[in-house]
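Novice: Here's a structure for you.
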Amino acid sequence: MKYKSKIAWWLYLVFALCILPILIIWLDPEIHLTEALYGSGVLVLVNLGMYYLVINTYYQIEEGTLTVKAGFLIHQKIDIQSIKRIKETNNPLSAPAMSLDRLSIDYTKGSTLISPKLKKEFIAHLLKVNPDIEVKYK
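As numbered in our numbering, residues 0 to 137 make up the sequence shown, in order.
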């Protein structure tokens with residue numbers, strides 16, 4: 000089953016603020032058409048890249064494996080039997096998570112931070128596969 004990442008409200012604000020310079024470029028009478036096209040083109044590409052990352056961040060549980068996917072940047076596979084602990088956290092470290100309402104997953108080879116939208120269902124699904132996972136709620 001695929002679990003989408005929870006998206007923080009402030010991320011929508013970031014998208015809105017990234018569109019603002021495009022409007023300013025087009026409304027400034029002193030900027031030539033060529034400069035406006037190049038400038039807004041770059042900003043549109045950056046926005047599309049960020050949007051792609053947001054809508055393609057998810058966590059999939061399938062056949063005993065947890066797959067963590069964040070666009071084209073992260074594609075991580077974790078054996079669910081190797082997961083030792085899941086802990087709720089607001090850790091702001093860079094991670095394949097679109098919200099600060101996160102889960103820290105500790106497993107044999109390391110740890111990762113994720114932010115599934117359906118957090119309780121996600122944890123229940125992992126526990127169904129590996130009932131030995133220790134879960135720490137806030």
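Ideal placement from N, C-alpha and C gives every residue a C-beta, glycine not left out.
Cβ of S81 within 8 Å of Cβ of I6?
Specialist: no
Novice: Please go through the region 47-101 and give each complete alpha helix (DSSP H) segment of 4 or more residues, from N-terminal end onward.
Specialist: none
Novice: Three Cβ pairs or more, each shorter than 8 Å: is that satisfied between the region 108-118 and the region 64-81?
Specialist: Between the region 108-118 and the region 64-81, the count of C-beta pairs closer than 8 Å reaches three or more; the two stretches touch.
Novice: Nearest by alpha-carbon distance to L126: which of I24, T56, L65 is it?
Specialist: Measuring from the Cα of L126, the nearest candidate turns out to be L65.
Novice: Using C-beta distances below 6 Å, list every residue in its chain close to C17, excluding the 5 sequence neighbours before and after it, in chain order.
Specialist: N46
Novice: In this structure, does DSSP put S103 in helix, strand or coil?
Specialist: strand
Novice: Do the CB positions of L102 and P91 come within less than 8 Å of each other?
Specialist: Not a contact, by the Cβ cut-off of 8 Å.
Novice: Taking I73 as the reference, which of K86, T88, Y57, E87 has the closest Cα?
Specialist: Y57
Novice: Taking K3 and R84 to be in contact with their CB atoms under 8 Å, please state how far apart those CB atoms are, rounded to whole angstroms.
Specialist: With a Cβ gap of about 23 Å, K3 and R84 do not count as contacting.
Novice: Going by DSSP in three states, K127 sits in which element: helix, strand or coil?
Specialist: helix
Novice: Is T111 near the ligand NAD, judged by its Cβ being under 7 Å from some heavy atom?
Specialist: Because no ligand of any kind appears in the structure shown, any question about the ligand NAD cannot be addressed here.
Novice: In whole angstroms, give me the CA-to-CA distance for L117 and I60.
Specialist: 13 Å
Novice: Report the CB separation of I24 from G38 in whole angstroms; it is logged as a contact under 8 Å.
Specialist: 5 Å
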